[in-house]
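J.: Counting in this note's numbering, the sequence shown runs from 1076 upward without gaps.
Glycine is no exception: its CB is placed at the ideal position from the N, C-alpha and C atoms.
The structure's right below; bear with me while I get my questions together.
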Amino acid sequence: MRHLFTLSLIIFIQSLAWSQYNVDSLNSVYDEQYPILTPNGRSMYFTRSNHPENIGGEQDKGDIWYSTLVGGKWTKPVHGGSEINNKSWNAVLGFGDNGNQVLLHHHYEDNKQGLSISKKKNKGWTIPESITIPYFLNRSDLQSGSLSQNGDLILLSIESYNSKGGEDLYVIKKNEDNTWTDPKNLGSTVNSLYQEISPYLAEDNKTMFFASNGHKGGRGSFDIYRSIRQDDSWTNWSKPKNIGKEINTQGRESSYIYLLEQETALYVSTLDSDGYGDIKFLKKQEKINSVIEKVVDPIIAAKDLVVSDILVEESKNVDLQADAVFSGSVKSSKDGRYISVELVISSVEKSFRTTVEVINGVFNKPMAAGDYHVRIEANGYISKLLAITLDSVFTSYEIFLSPIVVGELVSLASVLFKQGTSELISSSNEELDAVVDMMQSNASMEISLGGHTDNRGSSKLNFVLSEKRVESVKKYLQSKGIAGKRISGKGYGGSKPIASNKNELTRKLNRRVEFTVTKK
């Protein structure tokens, strides 16, 4: 079913002649997230993460800050105060009562899940009071959303009881007695098997904008999409449309708001940012004078839509017909941040190898079904090797990389030897090559190898065998160009088990080679 849009929305979707506002005063080297304007448009509230002035200092995942529009320019942002901020992650969904109430994420008194409301006072805000949302559940660490402009609807991105993938989009409605309904999933048309975040409902309460890494036509890790509600069920939506390259880039776009009167888009992007996410405006310079009254459904041209993965190298002698998708995310094990990485993917069964650059940690790679080895590499992080099997339409992984820090212990689980010898099995090369690449990318890095056996047989012979295995690994790394002075090592025999030696299933875990970072 086609729908008639307002003139302003039509003009925006056609993306004619936009220019970028100067918002240098709003952004910093820290992560700016989820901007929300007050009803009069004169103040902006947003979340800033890991800032030293946050309640929890640099470890704080996000406090609410605000800026005011003065003389056409945004003032330097100010911390929102201890009433609406604590050591947890804090964010604004929207404003009610002409800006005298603010809707906030989570319960403040005990940090439980849910939503809260704070009221404006002479200076600052009152202590937030919890709102009862029946059957509220969010299994994810992420939560985002917005309050409709009439204050009667809340759109939320959470991972709840009937989520289709990761974070899904839900609606919560206000009842006549000012209570709220339980969250209702918006359905599989808008919710993919991946993540949908930062939903925003336009003034017509039908047109929704949101960010996703699971719909077709994405240019980066998250793109902005538009979908239109077809009826009052809230589960019947038009197929999401990518809003185009004027907004969506190879970075991560989210938190999109369209201001009809100003013909301006407000959103967050990681492209060319000072730090992580930066707040951006786009205002259309050229206006269309003719009135559009016909029914339209703009379509984004296929030539403007590119896949999020950048193929750097790919074999040409193999059938690349994709019948599966390798997807997921890569985060730092230290703070959970998405990180940009390089995936080196090689087929176990065919002569196929490709390198994929993943920007901002989320990937979605169409591939042929089969078995693969995937090496994940990022500057400043310990490389990781995965063995994956793609045998279904979607296979998703959440991958964590450990930063390179002195003392970090890394097990080389895929480095194996012929039984009772120090001769490396050829399948060990993949993981050792990952160590080589990591040390080449981190030229000052030094490691200490540790060789281990189980406790069967002579302890003296086990010690000698573990020493020889360490030497074999060291020789391999040197043969690939790593200076010997950067690699030390020692064999421990069976003296440092990490599992029981009583049965083979656990005993094999003790037969291992590890390394410890001794210098960054």
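Look up Asp1099 in the DSSP assignment and say whether it is helix, strand or coil.
T.: Coil, per DSSP.
J.: Identify every run of the beta strand (DSSP E) within the segment 1451–1475, keeping only runs that are complete inside it and at least 3 residues long; order them along the chain.
T.: Runs found: 1459–1465.
J.: Quick one: what does DSSP say Gly1436 is sitting in, helix, strand or coil?
T.: Note: Gly1436 maps to helix in three-state DSSP.
J.: What does the alpha-carbon distance come out to for the pair Leu1030 and Asn1288?
T.: An answer regarding residue 1030 cannot be provided, because it is not within the stretch 1076 to 1595 covered by the chain.
J.: Closest to Glu1542 by CA distance: which of Glu1452, Phe1492 and Lys1314 is it?
T.: Among Glu1452, Phe1492 and Lys1314, the Cα nearest to that of Glu1542 belongs to Phe1492.
J.: Nearest CA to the CA of Gly1292: which residue from Tyr1105, Thr1122 and Gly1319?
T.: Looking at the Cα atoms, Gly1319 is the closest of the given residues.
J.: So the beta strand (DSSP E) Val1588 belongs to, where does it begin and stop?
T.: Arg1587 to Lys1594 is the extent of the beta strand (DSSP E) around Val1588.
J.: Of all the options Glu1521, Gly1156 and Asn1504, which has the alpha carbon lying nearest to the alpha carbon of Gly1559?
T.: It is Glu1521.
J.: Which residues bound the alpha helix (DSSP H) around Glu1328?
T.: No alpha helix (DSSP H) holds Glu1328; the beta strand (DSSP E) holding it covers Glu1328 to Leu1334.
J.: Could you work out which residue in Asp1508, Phe1475, Tyr1141 and Asn1173 is closest to Ser1489 when comparing CA atoms only?
T.: Out of Asp1508, Phe1475, Tyr1141 and Asn1173, Asp1508 has the C-alpha closest to the C-alpha of Ser1489.
J.: Going by C-alpha distance, which of Pro1209, Ser1238, Gly1116 and Lys1198 is nearest Lys1248?
T.: For Lys1248, the nearest C-alpha among the options comes from Pro1209.
J.: Please go through the same chain and pick out, in chain order, the residues whose beta-carbon is closer than 6 Å to the beta-carbon of Ser1421, but skip the five residues on each side of it.
T.: So the qualifying residues of the chain are Arg1428 and His1448.
J.: Determine the direct distance from the alpha carbon of Gly1156 to that of Pro1127, and round the result to whole angstroms.
T.: Approximately 14 Å, taken between the alpha carbons.
J.: Smallest Cα separation from Pro1441: which of Asp1216, Ser1329 and Asp1466?
T.: Selected option, being the one with the closest Cα: Asp1466.
J.: Once DSSP output is grouped into helix, strand and coil, what is the label at Met1520?
T.: DSSP places Met1520 in coil when its eight states are reduced to three.
J.: For Glu1146, which option in Ile1159, Ser1118, Ser1232 and Glu1133 has the closest C-alpha, if you only look at C-alpha atoms?
T.: The amino acid occupying residue 1146 in the given sequence is Gly; Glu does not appear at that position. Checked all of Ile1159, Ser1118, Ser1232 and Glu1133; the closest Cα to Gly1146 is Ser1118.
J.: If I follow the unbroken beta strand (DSSP E) through Leu1179, where does it start and stop?
T.: From DSSP, the beta strand (DSSP E) with Leu1179 extends over Gln1176 to His1180.
J.: Check whether the Cβ atoms of Ser1273 and Ser1329 sit closer than 8 Å, and answer yes or no.
T.: It is a contact, given that the beta carbons lie within the stated cut-off.
J.: Looking at the strands, I want to know which residues DSSP matches up with Val1145.
T.: According to DSSP, which records beta bridges pairwise, Val1145 is partnered with Lys1148.
J.: Once DSSP output is grouped into helix, strand and coil, what is the label at Leu1395?
T.: Bear in mind that a pLDDT of 48 at Leu1395, under 50, signals an unreliable position, so the number given afterwards is only what the model happens to contain. It is coil, neither helix nor strand.
J.: DSSP on Gly1559, reduced to helix/strand/coil?
T.: Helix, per DSSP.
J.: Please report the straight-line C-alpha distance between Arg1123 and Asp1135, rounded to a whole angstrom.
T.: Looking at the two C-alpha atoms, the distance is approximately 9 Å.
J.: Any idea what DSSP makes of Tyr1056, helix, strand or coil?
T.: With the chain running from 1076 to 1595 in the structure shown, residue 1056 is simply not present.
J.: Quick one: Cα of Leu1346 to Cα of Gly1241, how far?
T.: Distance between the alpha carbons of Leu1346 and Gly1241 is about 24 Å.
J.: Closer than 8 Å by C-beta to Glu1388: which residues in its own chain qualify, once you throw out the five before and the five after it? Chain order, please.
T.: Note that Glu1388 has pLDDT 34, beneath the 50 cutoff, so the model's placement of it is unreliable and the number below is only indicative. Excluding positions up to five away in sequence, the list reads Arg1428, Thr1429 and Thr1430.
J.: Within the continuous alpha helix (DSSP H) that includes Phe1492, where are the two ends?
T.: Counting along the chain, Phe1492 falls outside any alpha helix (DSSP H), and DSSP gives it neither H nor E.
J.: Is DSSP giving Asp1243 helix, strand or coil here?
T.: Asp1243: strand per DSSP, three-state reduction.
J.: When DSSP labels each residue in this structure, what does Asp1410 get in the three-state scheme?
T.: Three-state DSSP puts Asp1410 in coil, outside helix and strand.
J.: On the premise that Val1480 lies in contact with Gln1108, defined as a C-beta separation below 8 Å, what is that separation, rounded to the nearest angstrom?
T.: Incorrect: roughly 27 Å between the Cβ atoms, too far for contact.
J.: Three or more C-beta pairs closer than 8 Å, one from the segment 1564–1574 and one from the segment 1518–1534: is that the case here?
T.: Counting Cβ pairs under 8 Å, three or more are found: they touch.
J.: Three or more C-beta pairs closer than 8 Å, one from the segment 1250–1259 and one from the segment 1194–1209: is that the case here?
T.: Touching, per the Cβ criterion.
J.: Exposed or buried, Glu1452, counting other C-beta atoms within 10 Å across all chains shown (16 or more means buried)?
T.: Flag for Glu1452 reads buried.
J.: Who are the Cβ neighbours of Gln1270 in its own chain at under 6 Å, not counting the five residues just before and after it?
T.: Once the five neighbours on either side are set aside, the close Cβ partners of Gln1270 are Gly1241, Glu1242 and Asn1288.
J.: Taking the alpha-carbon positions, what's the Gln1305 to Val1153 distance?
T.: Cα to Cα, Gln1305 sits roughly 41 Å from Val1153.
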